[in-house]
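Report on the following structure.
Protein chains: 4
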Amino acid sequence: MAPEPRRRLPPEQREKQVLDAAVRVFSRSGFHDTSMDAVAEEAGLSKPMVYTHGGGSKEELLRRCIRREADRLLSSVSGAAAGAPADAEVRLRRGLHAFFTSVTTHRDGWSVLYRQARTGALADEVQAARTRIVDRVAQLLAAELAVPDGVDPTTVTAPLAAALAGAAEGLADWARDADEPDPDVLAGTLMALLWPGLALLRG
Amino acid sequence: MAPEPRRRLPPEQREKQVLDAAVRVFSRSGFHDTSMDAVAEEAGLSKPMVYTHGGGSKEELLRRCIRREADRLLSSVSGAAAGAPADAEVRLRRGLHAFFTSVTTHRDGWSVLYRQARTGALADEVQAARTRIVDRVAQLLAAELAVPDGVDPTTVTAPLAAALAGAAEGLADWARDADEPDPDVLAGTLMALLWPGLALLRG
Amino acid sequence: MAPEPRRRLPPEQREKQVLDAAVRVFSRSGFHDTSMDAVAEEAGLSKPMVYTHGGGSKEELLRRCIRREADRLLSSVSGAAAGAPADAEVRLRRGLHAFFTSVTTHRDGWSVLYRQARTGALADEVQAARTRIVDRVAQLLAAELAVPDGVDPTTVTAPLAAALAGAAEGLADWARDADEPDPDVLAGTLMALLWPGLALLRG
Amino acid sequence: MAPEPRRRLPPEQREKQVLDAAVRVFSRSGFHDTSMDAVAEEAGLSKPMVYTHGGGSKEELLRRCIRREADRLLSSVSGAAAGAPADAEVRLRRGLHAFFTSVTTHRDGWSVLYRQARTGALADEVQAARTRIVDRVAQLLAAELAVPDGVDPTTVTAPLAAALAGAAEGLADWARDADEPDPDVLAGTLMALLWPGLALLRG
DNA sequence: GATGAATGAGTCTTCATTCAT
DNA sequence: TATGAATGAAGACTCATTCAT
Numbered sequence: 001m002a003p004e005p006r007r008r009l010p011p012e013q014r015e016k017q018v019l020d021a022a023v024r025v026f027s028r029s030g031f032h033d034t035s036m037d038a039v040a041e042e043a044g045l046s047k048p049m050v051y052t053h054g055g056g057s058k059e060e061l062l063r064r065c066i067r068r069e070a071d072r073l074l075s076s077v078s079g080a081a082a083g084a085p086a087d088a089e090v091r092l093r094r095g096l097h098a099f100f101t102s103v104t105t106h107r108d109g110w111s112v113l114y115r116q117a118r119t120g121a122l123a124d125e126v127q128a129a130r131t132r133i134v135d136r137v138a139q140l141l142a143a144e145l146a147v148p149d150g151v152d153p154t155t156v157t158a159p160l161a162a163a164l165a166g167a168a169e170g171l172a173d174w175a176r177d178a179d180e181p182d183p184d185v186l187a188g189t190l191m192a193l194l195w196p197g198l199a200l201l202r203g
Numbered sequence: 001m002a003p004e005p006r007r008r009l010p011p012e013q014r015e016k017q018v019l020d021a022a023v024r025v026f027s028r029s030g031f032h033d034t035s036m037d038a039v040a041e042e043a044g045l046s047k048p049m050v051y052t053h054g055g056g057s058k059e060e061l062l063r064r065c066i067r068r069e070a071d072r073l074l075s076s077v078s079g080a081a082a083g084a085p086a087d088a089e090v091r092l093r094r095g096l097h098a099f100f101t102s103v104t105t106h107r108d109g110w111s112v113l114y115r116q117a118r119t120g121a122l123a124d125e126v127q128a129a130r131t132r133i134v135d136r137v138a139q140l141l142a143a144e145l146a147v148p149d150g151v152d153p154t155t156v157t158a159p160l161a162a163a164l165a166g167a168a169e170g171l172a173d174w175a176r177d178a179d180e181p182d183p184d185v186l187a188g189t190l191m192a193l194l195w196p197g198l199a200l201l202r203g
Numbered sequence: 001m002a003p004e005p006r007r008r009l010p011p012e013q014r015e016k017q018v019l020d021a022a023v024r025v026f027s028r029s030g031f032h033d034t035s036m037d038a039v040a041e042e043a044g045l046s047k048p049m050v051y052t053h054g055g056g057s058k059e060e061l062l063r064r065c066i067r068r069e070a071d072r073l074l075s076s077v078s079g080a081a082a083g084a085p086a087d088a089e090v091r092l093r094r095g096l097h098a099f100f101t102s103v104t105t106h107r108d109g110w111s112v113l114y115r116q117a118r119t120g121a122l123a124d125e126v127q128a129a130r131t132r133i134v135d136r137v138a139q140l141l142a143a144e145l146a147v148p149d150g151v152d153p154t155t156v157t158a159p160l161a162a163a164l165a166g167a168a169e170g171l172a173d174w175a176r177d178a179d180e181p182d183p184d185v186l187a188g189t190l191m192a193l194l195w196p197g198l199a200l201l202r203g
Numbered sequence: 001m002a003p004e005p006r007r008r009l010p011p012e013q014r015e016k017q018v019l020d021a022a023v024r025v026f027s028r029s030g031f032h033d034t035s036m037d038a039v040a041e042e043a044g045l046s047k048p049m050v051y052t053h054g055g056g057s058k059e060e061l062l063r064r065c066i067r068r069e070a071d072r073l074l075s076s077v078s079g080a081a082a083g084a085p086a087d088a089e090v091r092l093r094r095g096l097h098a099f100f101t102s103v104t105t106h107r108d109g110w111s112v113l114y115r116q117a118r119t120g121a122l123a124d125e126v127q128a129a130r131t132r133i134v135d136r137v138a139q140l141l142a143a144e145l146a147v148p149d150g151v152d153p154t155t156v157t158a159p160l161a162a163a164l165a166g167a168a169e170g171l172a173d174w175a176r177d178a179d180e181p182d183p184d185v186l187a188g189t190l191m192a193l194l195w196p197g198l199a200l201l202r203g
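Chains as they are written, first to last, in full-length UniProt numbering: chain A, 1 to 203; chain B, 1 to 203; chain C, 1 to 203; chain D, 1 to 203.
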């Protein structure tokens, strides 16, 4: 009798449908102010569907959102940095460019990663996602910086990477509220600020 | 265990008692995962006391916490930067030193300011607090940077300030999780990264 | 004990189930001394059901109770008065008879209408319900009374209707506490008291 | 040091001060929507004073208000009816006149008596107050009506008294909302409606 | 597989009431 | 005596989660 209003979809597409909706709503209202009803409505699905394809709980749903968006951002940055061989400056600039591009393009994903509370139950997941990115930056730096023999490069690069990533985040956040979505300009600004210092640190 | 269960206190002390407890609990669990019961228990008071001296609502309570911690941090940084006259490099270093000192000393205040969700009703307040700090940094930069005539210095300094503040936040966050609470080291690291670039930008 | 704890019912039945329970509890304890928990328990439902089917708030729930009971009473009286054509005395007697029948049969509904506080947020609703009934009586009177030309009949009938309705309420209230539920007797008493005066006023 | 701002008052005056304020506030907002703070503020006293001189609890405070206002109303009506000797009609008219005068003059007292919820804890007190008045009316009627020997006059007069009192209440309520505070008019209206019937019932 | 309907558990907030001064 | 300050207890309302269809 029912004209079969919504076709059955393969689970992967359903999961994407759910996660896409969840990212939109979470980025808009944050974890606690988002109700599962709102996610279901945004996805055009019923709530049990959201539970089935979203991990079974609201917390797990956000967890998956965070992981997916972190993956997206990380692979985008990594890909760019590791693209055609080039000198250090160019690679760093390319990485930043990719970062700002990604952040500007997927504003919702950015919000889910960087404007969520880093307290309580999901603090670890958010921290983990940010750490993965900072670690990746630290790796890139480690390859470039001159580190005296016998010193764990991490000791030197880790704080620098944290600062660099923070600078990028701060600038990205500023760009979101101001009206400067041009990745070229943003990457240029950050390079002008950071590269001289980094170049000196390379020895 | 408490020997004097009901002792009348001047309102200022009560408010401090309530805000101190609230900052501790909010920093631990975030806004939504914190119950007013938990705040009351942490303060060793009854819930009505928390309402009376905490602004009358949970939201207003967090608002006041944010303002107080932002004031504390801001005045600490401002005071240091504006201390004895000195050249630009020294002043920036002193400002950063004060920042890392404050952040390291008041870890809970830092969490309340920088690990809260920037979504929902209190996004404004958090953003405002952070903006006040970034703006202060921007002012300091504007006094130092060479800006071509006819150009609003803010246009140049605002993104730099955001990046600088972000770098400091990133480094502070790293310091919190790593075990490096020495403000000298942290300020030194950040200066080494940023000052060369800034010096060049001064022209 | 209940053999079918979760049975899906059509919304209309659920609403009736909720309103019936609410009328019982409100009539027993009044608005403020009634908790939504008590309504839920009386209905054999969970509290969210009461909210879903009861209008979303305690106030709206009582509002709906009042409206429903007023409708019931009003239609019962109107129907009787407007039944088969008859002279004025018979029609008034029939209206009173219907009133006392309804009031005696639905004691809870009567309490909700006539023993609620007429103060605060719901005063309007209670007054409105009573006014609808008094106005209906006034209409009946206006059709019978001789009113000098050029005089708004309401001026004459309104106070009489108020007095008449008040007399009926007072008698109904007495009948509720005494043990006289016979509508014939009650209507007869009231007719004996009022009709001679009304007949004279008809001119 | 304190200039002794409020003189110590004899307890009776304090009680009057408290009850006066309470009647005003209760009549305005009803029992449940009135806070003891509001009563204290209206009385210009501190809350413990209200408790000391108001009976020790909110419920007892309203109880006393009800009793006092009922006394006032009852003695006013009784006094008038029992004044100079006169025939039945005149005495009833005088009683009604006194009733409407009292009700018009002390609107707050009227509200406390007649617009409070007659449900829950204070139902008995309100009912008792109204019953005292109705009983007084019944007594007056019993002296006038012809009751067959061997019949308890109450059987006959009680319902009539209830109806009569109800009519008066209904008219008083109408007069409060309409703009007719003239006791002469109100008593006249009610006499025109009721006296013919009563006269017939006298046999 | 998909959903409308139902609920258990938990939170904010308010007030009548009472000490300690 | 008179009070500012403090609290215990209770109630409205919401939402993540899961059956029964």
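C-beta: ideal position from N, C-alpha, C; glycine also.
Apart from the five residues just before and just after Thr34/B, which ones in its own chain have a Cβ nearer than 6 Å to its Cβ? The residue given as residue 34/B occupies position 34 in the second sequence. Val25 and Phe26.
Glu12/B classed as buried or exposed, judged by whether at least 16 other C-beta atoms fall within 10 angstroms: Reading the second sequence from its first residue, position 12 is the one you call residue 12/B. Exposed is the call here.
Assuming Ala162/B and Gly170/A are in contact, meaning their beta carbons sit under 8 Å apart, how far apart are those beta carbons, in whole angstroms? Here the question's residue 162/B lines up with position 162 in the second sequence. Here the question's residue 170/A lines up with position 170 in the first sequence. Contact holds; Cβ gap of about 5 Å.
Verify the CB distance criterion: does His32/B have a CB-CB separation below 8 Å to chain A? Along the second sequence, one-based indexing puts residue 32/B at 32. Yes, its Cβ sits closer than 8 Å to a Cβ of chain A.
Which residue spans inside the UniProt domain "HTH tetR-type" (12-72) of chain A form an unbroken alpha helix (DSSP H) run of at least 4? 36-43 and 47-53
Taking 8 Å as the CB-CB cut-off, is Ala192/D touching chain C? Taking the first residue of the fourth sequence as position 1, residue 192/D is located at position 192. By this cut-off, Ala192/D is an interface position.
If you follow the alpha helix (DSSP H) that Val185/D is in, where does it begin and where does it stop? As a position in the fourth sequence, residue 185/D is number 185, starting the count at 1. Residues Pro183 to Leu201.
Taking Leu74/D and Gly109/D to be in contact with their CB atoms under 8 Å, please state how far apart those CB atoms are, rounded to whole angstroms. Locating residue 74/D in the fourth sequence gives position 74, counting from the first residue. Locating residue 109/D in the fourth sequence gives position 109, counting from the first residue. Wrong, their Cβ atoms sit about 11 Å apart, outside the cutoff.
Return yes when the Cβ of Glu69/B is within less than 8 Å of the Cβ of residue 205/B, no when it is not. This structure does not reach residue 205/B, given that chain B is present from 1 up to 203, and the question cannot be answered.
Going by the CB atoms, is the gap between Leu122/A and Arg64/A shorter than 8 Å? Here the question's residue 64/A lines up with position 64 in the first sequence. Here the question's residue 122/A lines up with position 122 in the first sequence. No. Outside cutoff.
Buried or exposed: Gly56/B, going by 16 or more other Cβ atoms within 10 Å of its Cβ? For the purposes of this step, residue 56/B is taken as the residue at position 56 of the second sequence. Answer is exposed; the Cβ neighbour count stays below 16.
Between which two residues does the alpha helix (DSSP H) containing Ala165/C stretch? Here residue 165/C corresponds to residue number 165 of the third sequence, with the count starting at 1. Residues Pro153 to Asp177.
State buried or exposed for Gly54/D, treating a residue as buried only when at least 16 other CB atoms are found within 10 Å of its CB. Stepping through the fourth sequence from its first residue, residue 54/D is reached at position 54. Buried, by the Cβ-count rule.
Hey, could you find the ends of the alpha helix (DSSP H) Arg115/D is sitting in? In the fourth sequence, residue 115/D corresponds to position 115, counting from 1. Element bounds for Arg115/D: n/a, residue is neither H nor E.
What's the C-alpha gap between Arg136/A and Ala138/B? Within the first sequence, the letter at position 136 stands for residue 136/A. Within the second sequence, the letter at position 138 stands for residue 138/B. Going by the C-alpha atoms only, they are around 29 Å apart.
Does the beta carbon of Thr157/D come closer than 8 Å to any beta carbon on chain C? Locating residue 157/D in the fourth sequence gives position 157, counting from the first residue. False, the Cβ-Cβ gap to chain C never drops below 8 Å.
Taking a Cβ distance cut-off of 7 Å, strictly less, list which residues of the stretch 100-115 of chain B are near chain A, in chain order. Ser111 and Arg115
Are any of the Cβ atoms in chain D nearer than 8 Å to that of Gly170/C? Your numbering for residue 170/C matches position 170 in the third sequence. Interface residue, yes.
Figure out for me which residue from Leu96/C, His32/C and Glu125/C has the closest Cα to the Cα of Ser76/C. The residue given as residue 76/C occupies position 76 in the third sequence. For Ser76/C, the nearest C-alpha among the options comes from Leu96/C.
Between Ala17/C and Thr104/C, what straight-line distance do the alpha-carbon atoms span, to the nearest angstrom? Working through the third sequence from its first residue, we reach residue 17/C at position 17. Working through the third sequence from its first residue, we reach residue 104/C at position 104. Sequence inspection shows Gln at residue 17/C; the Ala mentioned does not correspond to that position. Looking at the two C-alpha atoms, the distance is approximately 21 Å.
Taking C-beta pairs closer than 7 Å, name the residues in chain D that Pro196/C reaches, listed in chain order. Translated into positions along the third sequence, residue 196/C becomes position 196. Within 7 Å Cβ-Cβ: Pro196, Gly197 and Leu200.
Check whether the stretch 150-164 of chain B and the stretch 169-183 of chain A touch, using three or more Cβ-Cβ pairs below 8 Å as the test. yes
Any chain B beta carbon closer than 8 Å to Gly120/A: Position 120 of the first sequence, counting from 1, holds the residue named residue 120/A. Yes, Gly120/A lies at the interface with chain B (some Cβ there is under 8 Å from its Cβ).
Is the Cβ of Ser29/B closer than 8 Å to any Cβ of chain A? For this step, residue 29/B is matched to residue 29 along the second sequence. It does: the Cβ of Ser29/B has a partner Cβ on chain A nearer than 8 Å.
Three-way DSSP call (helix, strand, coil) for His97/C in this model: Working through the third sequence from its first residue, we reach residue 97/C at position 97. Note: His97/C maps to helix in three-state DSSP.
By the criterion of Cβ-Cβ separation under 8 Å, what are the contact partners of Leu160/A in chain B? Residue numbering aside, residue 160/A sits at position 160 when the first sequence is read from its first letter. Those are Thr189 and Leu193, listed as they occur along chain B.
Out of Leu194/A, Val151/A, Thr131/A and Thr157/A, which has the shortest C-alpha to C-alpha gap to Leu142/A? Against the first sequence, residue 142/A aligns to sequence position 142. This sequence places Ala at residue 142/A; Leu is not what is there. Measuring from the Cα of Ala142/A, the nearest candidate turns out to be Thr157/A.
From Arg67/C to Glu15/C, what distance separates their C-alpha atoms? As a position in the third sequence, residue 67/C is number 67, starting the count at 1. As a position in the third sequence, residue 15/C is number 15, starting the count at 1. Distance between the alpha carbons of Arg67/C and Glu15/C is about 14 Å.
Going straight from the alpha carbon of Pro5/A to that of Val39/C, what length do you get? Translated into the one-based positions of the first sequence, residue 5/A becomes position 5. Translated into the one-based positions of the third sequence, residue 39/C becomes position 39. Because Pro5/A sits at a pLDDT of 45, beneath the cut-off of 50, its placement in the model cannot be relied upon, and the point is left open.
Are the C-beta of Asp87/A and some C-beta of chain B separated by less than 8 Å? Here residue 87/A refers to the residue found at position 87 when the first sequence is read from its first residue. Chain B, which has no Cβ nearer than 8 Å to the Cβ of Asp87/A, makes this no.
Glu4/B CB to nearest chain A CB: under 8 Å? By 1-based counting over the second sequence, the position of residue 4/B is 4. Note that Glu4/B has pLDDT 42, beneath the 50 cutoff, so the model's placement of it is unreliable and the number below is only indicative. No, Glu4/B lies away from the interface with chain A (no Cβ there is under 8 Å from its Cβ).
Given that Leu173/A touches chain B, what residues does it touch there, using C-beta distances under 8 Å? Here residue 173/A refers to the residue found at position 173 when the first sequence is read from its first residue. The sequence given here places Asp at residue 173/A; Leu does not occur at that position. Residues of chain B passing the Cβ test: Ala162 and Gly166.
Are Ala192/C and Leu193/D closer than 8 Å when you measure CB to CB? Locating residue 192/C in the third sequence gives position 192, counting from the first residue. Locating residue 193/D in the fourth sequence gives position 193, counting from the first residue. No. Outside cutoff.
Helix, strand or coil: how does DSSP classify Gly150/A here? Mapped onto the first sequence, residue 150/A falls at position 150. The answer is coil: DSSP assigns Gly150/A none of H, G, I, E or B.
Ala117/A CB to nearest chain B CB: under 8 Å? Numbered from its first residue, the first sequence carries residue 117/A at position 117. It does: the Cβ of Ala117/A has a partner Cβ on chain B nearer than 8 Å.
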